[in-house]
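Only one structure is covered here, and it is reproduced in the block below.
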Amino acid sequence: MSRGAGAKRAEIWTTLLETAIHAPSPHNVQPWRVRVNSDREADLFIDKERTLPKEDVTGSFIILTMGMFIEALGLLAAHRGMRLEHSLHHDPSRYTPEAIAATRETMLPFARLRLSQDGAAPPAYPGDLFLRRQTSRISLRPDPVPADAAHALARIANEWDQRYEAITDPSRIERILAWNTEALFDDLNAPDYHDEIVSWFRFTDGAARRHRDGLDYRCMNASRLEFFLIARLPWLLQLRLTRPLLWKMYRDQIGRVPTLGLLAGGFWRPEDAFRTGRFLIHFWLETARHRLYIHPYGNLVTNKKANERMLQETGIRDIWLIFKIGRSDEPPRSYRRPVEAILLD
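Quick look at the structure:
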């Protein structure tokens with residue numbers, strides 16, 4: 007097939023991917039790769055090198071991410087009068103860290119994607135919401151989440167068999183944020199966790215632009231010095247003389263938090279995580295519709311002690327996402343890898 011024919015074949019997929027690549031992923035790892043078979047069919051892969059086996063020990067977060075990505079493509083296809091259907095190549099349990107480690111393949115087949123004409127598929131969200139949706143680590147404004155937004159988020163969660171709850175009591179928020187800090191400081195001193203997350207740190211503008219992935223210091227609301235200390239001298243987080251200072255620095259970095267949100271429901275089993283990912287992109291786009299930002303605190307659910315504390319605090323089982331939510335100034339935008347880097351020959 008000629009290069010021109012191949013380009014024509016990929017045109018619709020390229021158009022969809024140009025926006026879909028702005029879907030979120032843990033640590034901005036962007037694990038998706040796509041091989042275009044025709045203008046109506048493509049295969050989606052997980053890039054093995056872009057998974058997080060030391061932190062995502064059940065594989066649920068990477069499976070969730072792929073669910074978000076497929077749903078994003080489907081939502082965007084509706085804007086072009088098309089419907090996206092998918093069929094998974096394997097049961098989701100094939101994408102646990104143990105299963106991924108056991109395969110020699112670098113590109114793991116995940117799903118077959120098919121496009122068909124469907125003018126009756128109404129767009130659920132304006133396309134610009136995919137770009138407006140961002141993670142905000144900067145201080146939130148003091149105003150609470152508007153009632154209409156809270157109701158809309160709870161409704162979407164309920165439609166997908168999930169539960170959305172909000173915590174607004176300042177003393178409870180501070181207690182939970184303290185648990186998050188303790189969990190983060192402890193986890194950063196666990197070698198496997200530390201080495202994996204630090205491999206995604208981008209300490210300079212040049213590194214961030216070159217890689218176009220990972221945790222860019224600009225987006226972390228932290229100075230390069232703070233970022234460097236966490237990466238190279240994590241033991242300072244536990245030292246009696248330096249821990250209080252670094253604790254305060256981190257709390258100041260978080261800023262004002264008027265509301266903590268949480269999501270609970272099926273997630274921790276691989277077979278649940280995929281559908282939950284499809285839900286999460288709807289939830290996150292709905293926050294953008296209401297001009298709200300969120301910032302997830304992953305350690306509160308992946309750290310065993312913090313997770314148990316959250317169960318005791320809320321009485322809610324199966325919490326899988328805890329986040330600050332509210333309005334803020336526009337945060338720095340994280341980079342995305344170009345579509346050309348996503349496509350496979």
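Going by the numbering used here, the sequence shown opens with residue 7, and the numbers climb by one from there.
Just so it is clear, CB atoms sit at the ideal spot from N, CA and C, and this is done for glycine as well.
Everything numeric in this text was worked out from a predicted model, so none of it was measured.
For residue i, the nearest candidate out of the options (CA to CA)
i    : options               : result
G267 : R275, Y256, F289      : F289
F67  : R281, A312, R295      : R281
A158 : R297, E104, R257      : R297
L135 : D258, E346, A29       : A29
W274 : W326, R315, K311      : W326
P129 : R161, I162, G87, Y101 : G87
G80  : I287, R339, K330      : I287
L137 : H33, G261, L23        : L23
A48  : I76, V35, T57, H33    : I76
Distance CB(residue i)-CB(residue j) smaller than 8 Å
i    : j    : result
P59  : I27  : no
Q168 : G65  : no
R333 : Y299 : yes
G283 : T71  : yes
P264 : D175 : no
P37  : V63  : no
Y199 : E292 : no
T141 : K54  : no
Three-state secondary structure (DSSP) of residue i
i    : result
G212 : helix
T248 : coil
P152 : coil
E171 : strand
P302 : strand
L58  : coil
E314 : helix
A29  : coil
R41  : strand
F273 : coil
W326 : strand
Residue i burial status per 10 Å Cβ neighbour count (16 or more: buried)
i    : result
T210 : exposed
S8   : The predicted model places S8 with a pLDDT of 47, which falls under 50 and marks its position as unreliable; any figure quoted below should be read in that light. Classification of S8: exposed, given that the 10 Å Cβ count is below 16.
L50  : buried
E336 : exposed
L114 : buried
Q318 : exposed
W185 : buried
A126 : exposed
S340 : buried
Self-check item: Any 3 or more C-beta pairs closer than 8 Å across the segment 303-317 and the segment 86-98
Solution: no
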